[in-house]
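Asks: Here the sequence shown is numbered in the numbering used here, starting from 1194 and rising by one per residue.
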Amino acid sequence: MADRLACVSLPAFPLQVLLHRHPEWRGHPAAVAEEDRPRAPLVWVSDEATRAGVFPGLSCATALALLPTLRVGVVDAEEVRREGEGVVRRLYRFSPRVEHDGLGTFWLDASGLELLHPTLEAWADGLREDLARAGWQATVVVGFSRFGTRAVAKAHRGVRVLASPHEEKEIAGRVRLRELGMDPKTVEALEKLGVRTVHDLRALPEVGVQERFGREVAEVHRLASEDAFDPLRPQVEREEAQRHLVLEAPESDLLRLVFAVKGALDPLLQTLARRGEAVLSLELSLRQQGGRWLSTEVKPAAPTLDAAQLADLVRLRLGSLPWETAVVEVCVRARGARAGPEQLQAVPVARRDLDEAGRAVARLRAEFGEGSVVRAVLRDGHLPEARYTWVPTSRLHPPAPRPASQPVLVRRVYRRPVPLDALPAHRTVSGPEEVAGGWWVRRVHRSYYFLETEAGELLWVYYDHRRHRWFLQGRVE
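(1) Please say whether E1470 and A1532 have beta carbons closer to each other than 8 angstroms?
(2) Near L1306, what residues of its chain come up, given a Cβ to Cβ distance below 6 angstroms and the 5 sequence neighbours on each side ignored?
(3) For F1643, report the span of its beta strand (DSSP E) as first-last.
(4) Just to check, is the beta-carbon of H1575 closer than 7 angstroms to a non-hydrogen atom of the ligand FMN?
(5) State yes or no: is the C-beta of F1340 within less than 8 angstroms of the C-beta of L1397?
(6) Could you give the DSSP three-state label for D1657: helix, strand or coil?
(7) Using DSSP with H/G/I as helix, E/B as strand and the rest coil, what is R1662?
(8) Cα separation between E1272 and R1528?
(9) Buried or exposed: which applies to V1400, given that a residue is buried once 16 or more other Cβ atoms fall within 10 Å of its Cβ?
(10) Count Cβ pairs between the stretch 1456-1472 and the stretch 1509-1520 that sit closer than 8 angstroms; are there 3 or more?
(11) Could you say if the stretch 1271-1288 and the stretch 1246-1258 meet the contact criterion of at least three C-beta pairs nearer than 8 angstroms?
(12) Mapping the DSSP letters down to three states, classify T1497 as helix, strand or coil.
(13) Where do the ends of the alpha helix (DSSP H) carrying G1366 lie?
(14) Can you give the beta carbon distance from R1558 to S1587, rounded, assuming they're within the 8 angstroms contact cut?
(15) Report yes or no: do three or more beta-carbon pairs, one from the stretch 1335-1355 and one from the stretch 1214-1222, lie closer than 8 angstroms?
(16) Could you have a look at A1569 and say whether DSSP puts it in helix, strand or coil?
(17) G1667 to V1201, Cα distance in whole Å?
(18) Would you kindly work out how many angstroms separate the C-alpha atoms of Q1435 and G1328, rounded to a whole number?
(19) Rank E1490, L1465 and A1466 by C-alpha distance to the C-alpha of E1476 and give the top, closest one.
(20) What would DSSP say about V1454, mapped onto helix, strand or coil?
(21) Express the C-alpha separation of V1669 and V1601 in angstroms, rounding to a whole number.
(22) By DSSP's criteria, D1446 is part of a beta bridge. Which residues make up the other side?
(23) Would the beta-carbon of Y1641 fall within 8 angstroms of that of G1630?
(24) Excluding five sequence neighbours on each side, which residues of the same chain lie with their C-beta closer than 7 angstroms to the C-beta of E1409?
(25) Can you have a look at T1243 and say buried or exposed, based on whether 16 or more other CB atoms are within 10 angstroms of its CB?
(26) For L1487, tell me which candidate among P1496, L1511, P1493 and S1474 has the shortest Cα-Cα distance.
(27) Going by Cα to Cα distance, which pick from L1571, E1241, L1576 and A1495 is closest to T1582?
(28) Measure the CB-CB distance between V1291 and P1204 and report whether it falls below 8 angstroms.
(29) Considering only residues of the same chain and omitting the five flanking positions on each side of R1659, which have a CB-CB separation below 8 angstroms?
(30) Return the bridge partner residues of A1223 from the DSSP annotation.
(31) Hey, could you find the ends of the beta strand (DSSP E) F1406 is sitting in?
(32) Please work out which residues of its chain come closer than 7 angstroms, Cβ to Cβ, to A1233, disregarding the five sequence neighbours upstream and downstream, and give them in chain order.
(33) If you follow the beta strand (DSSP E) that R1595 is in, where does it begin and where does it stop?
(34) How about G1277 and G1295: are their beta carbons less than 8 angstroms apart?
(35) Could you give the C-beta distance for L1425 and V1413, rounded to a whole number, given that I count them as a contact under 8 angstroms?
(36) Does the beta-carbon of F1299 have 16 or more other beta-carbons within 10 angstroms, so that it is buried, or is it exposed?
Structure (structure tokens):
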């Protein structure tokens, strides 16, 4: 009996990672941008956004102008890696040998599983349903080769079980090269020669393929051939960084509960340290009397292996939760990120004041919520108060002012302009600078002035012609 191999494909994996982070965006137009800036191009776009005329390659600013309801986010390589590892852990429930290509395609050894399940279709359906419950959309193809199952998975949706290597070859041969994720310019050049499918590519003579079309096409040509040797390269299953505690008696005292969690932290930190990782976040799940679960998450200012710092954040977060009854069960799960050599040292090293400030920020977020500490981010806008927005932040960054030939005074802008009954007494006035427009929301006409008061203050004021009133927009410091 031929060995069985299953391919699990999570299409547009970075976009799925973004929607996994923001489940409330599901069903709405969404896109992944290359960077967090207005001119950054979109690299992944949801079906809802595509139907509205938004495509990869458009800049964020252009896409938002076309579709103001578009949800845009950035997904970095580290987040993709972490989420991919989470999927691998789920797949280990279905096969002892799993491989991940790092881009949302997974292979599992399915040999012999028909002896444990009614059919391979039932096994594949259960796998796909398990991923769906975790928030992932997947295609599962059970076949005989890595290339064949991947090609079929790229062109189909749902579950497909191939009965023989011949069937796999025939179905994979009909897959268009565009669906394999190859370079678009290379695919276009091949299509001009009538090479549109895997079957067409197989028909090309092996000699000269790389010289004429490049290494990528030569590799696909090799893998698509019948005698290609491309075995499964499974990852070693990693120890789960999770601890489950069943308390001896219901606990309602905060300090004793934190002490119990602290006891679970040490083995978790040892597990992560063996991987060369530090704690990026701690997920806490508490089961109260009556069966109700209460879940929360704690994030340090930076990945750390400091148990005391983590225990302090846990204390602050648990103290802010809405307790109803005593806790009888606790589950602690650590999510790791790659740690530098200094983080893995047993002896603490001196840290910069900026790190101390970051830990203070983490304490505030743990006690008052993730949105309690924010920073200003510039954005496109017509009015001064619309040219920036506040976004939650988890760490402090050193200032990086733009170089200037002359010293620049700081202009403090009020979040909401302050109404003035009358202009304060002043010695000098500079202006006006006219700001008009806003017809796309409401008409605006303002005349801006700088006033130097008798006390030496430099105020930034404007007269609102529509409301017939003076406002204080800010001051210069």
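All C-beta atoms in this analysis are idealised placements derived from N, C-alpha and C, irrespective of residue type, glycine included.
Quantities reported herein were computed from a predicted structural model and do not represent experimental measurements.
Replies: Taking the definition as stated:
(1) yes
(2) W1316
(3) V1637 to T1646
(4) As for the ligand FMN, it is missing from this structure, which has no ligand bound.
(5) no
(6) strand
(7) strand
(8) 11 angstroms
(9) exposed
(10) no
(11) no
(12) strand
(13) P1358 to G1366
(14) 7 angstroms
(15) no
(16) strand
(17) 56 angstroms
(18) 20 angstroms
(19) E1490
(20) helix
(21) 10 angstroms
(22) None; D1446 has no bridge partner.
(23) no
(24) M1375, D1376 and T1379
(25) exposed
(26) L1511
(27) L1571
(28) no
(29) R1636, V1637 and H1638
(30) R1264
(31) That residue, F1406, is in no beta strand (DSSP E); its alpha helix (DSSP H) goes V1402 to F1406.
(32) A1226, E1227, S1252 and C1253
(33) Premise fails: R1595 is in no beta strand (DSSP E) and is neither H nor E.
(34) yes
(35) That belief does not hold up - the Cβ atoms of L1425 and V1413 are roughly 19 angstroms apart, past 8 angstroms.
(36) buried
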